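Below is one structure, written out as structure tokens, with a few remarks after it.
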Amino acid sequence: MSRKTGLLAINSNVLDQIIRDVENARDWKAIKANYVAHPGFPSGGTVAAPEDRTKYYDYQGTAVTASSPNIAFVAQIQYNLPCLLPGETTDQRYLARLRINIANTSNPAFNFPVPANGLYTTFYHLVSKSS
Numbered sequence: 201m202s203r204k205t206g207l208l209a210i211n212s213n214v215l216d217q218i219i220r221d222v223e224n225a226r227d228w229k230a231i232k233a234n235y236v237a238h239p240g241f242p243s244g245g246t247v248a249a250p251e252d253r254t255k256y257y258d259y260q261g262t263a264v265t266a267s268s269p270n271i272a273f274v275a276q277i278q279y280n281l282p283c284l285l286p287g288e289t290t291d292q293r294y295l296a297r298l299r300i301n302i303a304n305t306s307n308p309a310f311n312f313p314v315p316a317n318g319l320y321t322t323f324y325h326l327v328s329k330s331s
């Protein structure tokens, strides 16, 4: 397998883990900080902490700690991005848009410069919740 194909496969594994964790384990307030509950809709939770925004993975796509010597990928998750539907001018309260940046680096302090210039890959994901 070529290096690029291997990176694509691992990026896919890392992305799947992040999305699964966000959809299953995060409360809505952590994903959408400006969320205001309607009656009958979950309202608990706190805004995502810094440790929820940066994740570390090894070459097999397994999550590791920031102090691990096996870091091969650093992922940055940006929560609370505006989520507008076509033709709408207001943020949708039941939809959250995430930006997930994944870099192939062993540096746990990687800063994800803008623009990416090929240093990392960016993915977007929508999360929906219903009452």
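When you line the sequence shown up against the numbering used here, it's residues 201 to 331, in that order.
Every residue gets a Cβ at the ideal spot worked out from N, C-alpha and C, and that includes glycine.
None of the values given here were measured: they were computed from a predicted structure.
Query, Result
"Range covered by the beta strand (DSSP E) that runs through Leu196", "Outside the shown range of the chain, which is 201 to 331, sits residue 196, and nothing can be said about it."
"Distance CB(Val222)-CB(Ile210) smaller than 8 Å", "no"
"Opposing strand residues paired with Ala303 [DSSP bridges]", "Val274"
"Nearest-angstrom beta carbon gap, Tyr257 and Val214 [assumed within contact, 8 Å]", "5 Å"
"Three-state class that DSSP yields for Phe241 in the structure shown", "The predicted position of Phe241 is uncertain, since its pLDDT is 46 and thus under 50; a value taken from the coordinates is nonetheless stated next. Looking at Phe241 - three-state DSSP - the assignment turns out to be coil, as it is neither helix nor strand."
"Alpha-carbon to alpha-carbon, Leu298 and Tyr279", "5 Å"
"Exposure of Asn301, with buried meaning 16 or more beta-carbon neighbours within 10 Å", "buried"
"Leu326: first and last residue of the uninterrupted beta strand (DSSP E) it sits in", "Thr321 to Ser328"
"Own chain partners of Arg253 with C-beta closer than 6 Å, once the 5 adjacent residues on each side are dropped", "Ile277"
"Ser267 vs Leu295 beta-carbon contact at 8 Å", "no"
"Under 8 Å between C-beta atoms of Gln292 and Ala263", "no"
"Nonlocal neighbours in the same chain, by C-beta distance under 8 Å from Asn270, ignoring five residues either side", "Asp258, Tyr259 and Val264"
"Residues bridged to Val264 [DSSP beta-bridge criterion]", "Tyr256"
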